[in-house]
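Reading through the structure tokens given below for one structure.
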Amino acid sequence: MRNLALQFLCFVLASLSASAAKPNIIVILADDLGYGDVSYHGTLKETTTPHIDSIAQSGAWFQNGYSAAPVCGPSRAGLLSGRYQQRFGYYDNIGPFTLNKDVEAGLPLSQKLIPEILVKEGYATGMVGKWHDGDQHKFWPYNRGFQEFYGFNNGAINNWVLKGENHTVDEWGAVHRENKRVENSGEYMTEAFGREAVEFIDRHKTEPFFLYLSFNAVHGPLQAPKSYTNQFKHIKPENRALCLAMLKSMDDNIGLVLEKLRKEGLEENTIIFFTSDNGGKLKGNYSFNGKYRGEKNTVFDGGLHVPYAVQWKAQIPAQTKALEAPVHSIDLAHTIFAAAGVEIKDEYKLDGRNLLPYLKNQSDFDDRNLYWANNANIAIRDNKWKYLKQAGKTYLFNLEEDPYESNNLVSQYPEKAQDMQKRHDAWQANNAPQLFGWNPNNCKYNAGYRGRMGGEHGKNKKRKK
74 MRNLALQFLC FVLASLSASA AKPNIIVILA DDLGYGDVSY HGTLKETTTP
124 HIDSIAQSGA WFQNGYSAAP VCGPSRAGLL SGRYQQRFGY YDNIGPFTLN
174 KDVEAGLPLS QKLIPEILVK EGYATGMVGK WHDGDQHKFW PYNRGFQEFY
224 GFNNGAINNW VLKGENHTVD EWGAVHRENK RVENSGEYMT EAFGREAVEF
274 IDRHKTEPFF LYLSFNAVHG PLQAPKSYTN QFKHIKPENR ALCLAMLKSM
324 DDNIGLVLEK LRKEGLEENT IIFFTSDNGG KLKGNYSFNG KYRGEKNTVF
374 DGGLHVPYAV QWKAQIPAQT KALEAPVHSI DLAHTIFAAA GVEIKDEYKL
424 DGRNLLPYLK NQSDFDDRNL YWANNANIAI RDNKWKYLKQ AGKTYLFNLE
474 EDPYESNNLV SQYPEKAQDM QKRHDAWQAN NAPQLFGWNP NNCKYNAGYR
524 GRMGGEHGKN KKRKK
């Protein structure tokens, strides 16, 4: 009898220890993936994304998931900081123009990022993939809390891993491990990122880890191995077929990550997020935004409304339908800290919310405003209405009745439009001015590439946006 009591006590203690264990955390970020490019939304007809779908179906997915910006760099800055990136002057991708000659373009070192906070909590931290948040090495991942880094900094890159073509490619356009260039291997980029992610998990399977897996698919250039392009020869136009091939490769490599977690017995206590940095670029990358109006570089929902799914089998019950509350990529940081048991300090100045009570069916989601500002284009939405300015024109939409933004009501409801403009103005008043970007109308000082690199790299070369 005594032995049975001891066995039961050991079981209880082991259960309590397991429940108290810090979860592993993985953020999977796609690049320029449209809302319609995942099959769990029911809009993707040419192929399926079973591994991405499994994250949504094993946990939850949001019908109204939004990115922090309609372009890559600022969106990533918002996600990693948990703040509206406009708070620190990040409105556009890093470009040749700055507010003044003293501006150093990049995600400011003053901002505390998710890995910087988690590493102090005992997490192993690693990043695999595209960075795009600052060209000077002090801005790079291995100086921002990531203990390991394999990837590149540029906005776009050749999809086969190159050392840099005899050093003719700019520093920020080459693949690095930490601060050293990777030798030419000829490996397809998406497959390299999948392999590196699996190897990171293997190295840290006995300790809590945070992995930021930032694929560059399906951002151009549109390139994929023949083993994938051959699957879509029947699809027209050809560029859409290439986009689907890149998507299929990314989904397969996400599958390798999930398989590794299962093999090591880690899946149950790993929280996994999947989303995209912005909406799809219709003619550039031939990604698909479903019925949503607009595309990347616009503040219509086609530029902001993205796939957004989360899985944590130990804590989040699988949902049978999409969650309706509007959520934002800046919510990831607060949610991650809550999952990891991190004390939220005032100095973090988080704008995002903790989604866990909502995901666990413990509470409803209170109404709130969501804000965007990208160069001169702005937007604000609450649970029902969205107000925006795009290319100098003003719009107001009732999203409950018109989710695809087809009926502009600004002339019918001028008081509502004025109210939402005032709310956006009040939010903007607490933000920094735009510090850098690609539009000389917003940042008039032409720093040039050498200037914005702070003279660290001597060659003044153009880069892809």
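The opening position of the sequence shown corresponds to residue 74 in our numbering, with each subsequent residue numbered one higher.
Where a beta carbon is used, it is the ideal one built from N, C-alpha and C, also for glycine.
Quick caveat, the model's predicted, so the values are computed rather than measured.
Non-local beta-carbon contacts of Asn370 in its own chain, meaning distances under 7 Å to residues more than five positions away in sequence, involve Pro143, Val144, Gly376 in chain order.
If you look at Lys489, you'll find it in the alpha helix (DSSP H) that goes 487-501.
Where Lys336 is concerned, the enclosing alpha helix (DSSP H) starts and stops at 311-336.
Look at the beta carbons and you see the region 441-459 touching the region 499-512: at least three pairs across the two are nearer than 8 Å. In the DSSP assignment, Ala413 falls outside any beta strand (DSSP E) and lies within the alpha helix (DSSP H) extending over 404-413. Around Asp374, the same chain offers Tyr365, Arg366, Gly367, Glu478 as residues with beta carbons nearer than 7 Å, after the five sequence neighbours per side are excluded.
Note: Ser349 is bridge-paired with Ala103 in the DSSP secondary-structure output. Within the same chain, Ile101, Ile125, Ile128, Pro380, Ala382 come within 7 Å of Phe347 by CB-CB distance, once the 5 residues on both sides are set aside. Tyr381: member of the beta strand (DSSP E) spanning 381-384, first to last residue.
In the three-state reduction of the DSSP assignment, Gln463 falls in the strand class.
In the structure shown, Gly199 adopts extended strand secondary structure according to DSSP, grouped into three states. Distance from Asn456 to Asp437 at the Cβ level is roughly 11 Å; contact not present, criterion being Cβ atoms closer than 8 Å. The three-state reading of DSSP puts Ile274 in helix, counting H, G and I together. For Trp511, DSSP records no beta bridge to any residue. Residue range 187-192 is occupied by the alpha helix (DSSP H) that includes Glu189. Using a Cβ distance threshold of 7 Å, His407 and Asn434 do not count as a contacting pair.
Secondary structure note for Ala150: its alpha helix (DSSP H) is the uninterrupted segment 145-154. The beta carbon of Glu397 sits closer than 7 Å to the beta carbons of Gln136, Asn137 from its chain, once the five residues preceding and following it are set aside; these are given in chain order. Following the DSSP letters along the chain, one finds Leu472 in no beta strand (DSSP E), marked with neither H nor E. Membership of Leu286 in the beta strand (DSSP E) is indicated by the continuous run 282-287.
Setting aside the 5 residues that flank it on each side, Asn519 is surrounded in the same chain by Pro169, Phe170, Pro513, each with a C-beta closer than 8 Å to its C-beta; the list follows chain order. Comparing alpha-carbon positions, the option among Asn289, His210, Ala94 lying closest to Arg254 turns out to be His210.
Rounded to the nearest angstrom, the Cβ distance from Gln296 to Lys321 is 13 Å, too far for a contact under 8 Å. Shown here, Phe161 sits in a helix according to DSSP, grouped into three states.
Here the alpha carbons of Ser287 and Pro506 stand approximately 28 Å from one another. Judged by DSSP in its simplified three-state form, Leu443 adopts strand. Annotation for Ile451: the continuous beta strand (DSSP E) segment containing it runs 450-454.
Rounded to whole angstroms, the gap between the alpha carbons of Phe225 and Asn257 is 14 Å. Here the region 147-157 lies against the region 388-404, with 3 or more beta-carbon pairs under 8 Å apart.
Taking a C-beta distance under 7 Å as the contact criterion, Ala391 and Ser131 qualify as a contact pair. Annotated as distal: Pro188 and Ile344, with beta-carbon spacing of 7 Å or more.
By the 16-neighbour rule on beta-carbons within 10 angstroms, Thr122 is buried. According to the DSSP assignment, Tyr477 belongs to no alpha helix (DSSP H), since it is labelled neither H nor E.
Residue burial annotation: His307 is exposed, with fewer than 16 other C-beta atoms found within 10 angstroms of its C-beta.
Annotated as proximal: Val201 and Tyr223, with beta-carbon spacing under 7 Å. With contacts defined as CB atoms closer than 7 Å, Asn289 and Asp104 qualify as a contacting pair.
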